[in-house]
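For what it's worth, the numbering used here labels the leading residue of the sequence shown as 1341, then goes sequentially.
Even for Gly, the Cβ is constructed at its ideal location relative to N, Cα and C.
As the structure is a computational prediction, the values presented were derived from the model and not from experiment.
Below is one structure; the comments refer to it alone.
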Amino acid sequence: MRELRVIDSEGQNLGVLSIKEALELAQSKGLDLIEISPNAIPPIAKIMDFGKYQYEVNKKLKKAKAGSKPTETKSIQIKIGTGDHDLELKAKTASKWLKEGHRIKVELFLAGRTKYMDEKFLKERLDRVLHLITEDYKISDAYKRGPKGLITTIEKK
């Protein structure tokens, strides 16, 4: 005979009862017997209205869903000749995105002959933007060559 720990609708522990006894008790009150924690020993069941139970579960899920924001990978693109003021503006938006918890892909766009420039020089150009970002960040993807140029990805520490 399988047994359950039964809790009534007011939250009082009724002790360990057989499934038959628990079902009879629930039916006598005009309520349902709902298994809440099947992995516990013995399993825990609660006597309550099933509709109310579903409502509470959905309410908890919605609250959890509302609290979590999806993170995106935002993108910032600069060129070798991008001016200091423009770099400051891009760094400012990057800082804002980092504060919101997004990842940022910083891309040094290389056109024409600039693709064949010294790798060290290109990394320095990309670092100019990274040094202007005010939020704390870590580099999640190191410098790598992409089809359009040099790319690195940063995220909040």
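Give the straight-line distance between the Cα atoms of lysine 1463 and alanine 1431, rounded to the nearest whole angstrom.
-> Numbered from 1 along the sequence shown, position 123 holds the residue referred to as residue 1463. Numbered from 1 along the sequence shown, position 91 holds the residue referred to as residue 1431. For lysine 1463 and alanine 1431, the distance between alpha carbons rounds to 16 Å.
Secondary structure of isoleucine 1381, DSSP reduced to three states = Position 41 of the sequence shown, counted from the first residue, corresponds to residue 1381. Correct three-state label for isoleucine 1381: coil.
Identify whether serine 1358 lies in helix, strand or coil by the three-state DSSP scheme.
-> One-based indexing of the sequence shown puts residue 1358 at position 18. Three-state DSSP puts serine 1358 in a strand.
Please state if the CB of leucine 1470 and the CB of valine 1446 are separated by a distance shorter than 8 Å.
-> For the purposes of this step, residue 1446 is taken as residue 106 along the sequence shown, with counting starting at 1. For the purposes of this step, residue 1470 is taken as residue 130 along the sequence shown, with counting starting at 1. Their beta carbons are under 8 Å apart, which means valine 1446 touches leucine 1470 by this criterion.
Identity of the residue in Phe1461, Ser1435, Thr1433 and Pro1487 nearest alanine 1451 by Cα = What you label residue 1451 is simply residue 111 of the sequence shown in a count that begins at 1. Here the closest residue by C-alpha is Pro1487.
From Glu1350, Leu1344, Asp1348 and Leu1354, pick the residue whose C-alpha is nearest to that of lysine 1360; which is it?
-> Numbered from 1 along the sequence shown, position 20 holds the residue referred to as residue 1360. Ranking Glu1350, Leu1344, Asp1348 and Leu1354 by Cα distance to lysine 1360 puts Leu1344 first.
With a CB to CB cut of under 7 Å and the five nearest residues on each side skipped, what residues in its chain are close to glycine 1441?
-> Translated into the one-based positions of the sequence shown, residue 1441 becomes position 101. Counting only Cβ-Cβ distances below 7 Å, and skipping sequence neighbours, we find Lys1409, Thr1411 and Lys1496.
Throw me the rounded Cβ distance for the arginine 1443 and threonine 1492 pair, which I believe falls under 8 Å.
-> For the purposes of this step, residue 1443 is taken as residue 103 along the sequence shown, with counting starting at 1. For the purposes of this step, residue 1492 is taken as residue 152 along the sequence shown, with counting starting at 1. With 8 Å as the limit, arginine 1443 and threonine 1492 do not qualify as a contact, their Cβ atoms being about 11 Å apart.
Span of the alpha helix (DSSP H), counted from its first residue to its last, around tyrosine 1393 | By 1-based counting over the sequence shown, the position of residue 1393 is 53. Segment 1390-1407, the alpha helix (DSSP H) holding tyrosine 1393.
Can you tell me whether DSSP reads glutamate 1495 as helix, strand or coil?
-> Residue numbering aside, residue 1495 sits at position 155 when the sequence shown is read from its first letter. Three-state result, glutamate 1495: strand.
Rounded separation between methionine 1388 and glycine 1355 - CA only = Translated into positions along the sequence shown, residue 1388 becomes position 48. Translated into positions along the sequence shown, residue 1355 becomes position 15. Using only the alpha carbons, I get a separation of about 16 Å.
Any chain B beta carbon closer than 8 Å to glutamate 1343 | You won't find chain B in this structure, because it holds only one protein chain.
Is glutamate 1475 near leucine 1429, with beta carbons less than 8 Å apart?
-> Against the sequence shown, residue 1475 aligns to sequence position 135. Against the sequence shown, residue 1429 aligns to sequence position 89. The answer is no: Cβ separation not under 8 Å.
Under 8 Å Cβ to Cβ from alanine 1366, same chain only, skipping five residues before and after it: list those, please.
-> As a working mapping, residue 1366 is identified with position 26 in the sequence shown. Asp1372, Leu1373 and Ile1387, listed in sequence order.
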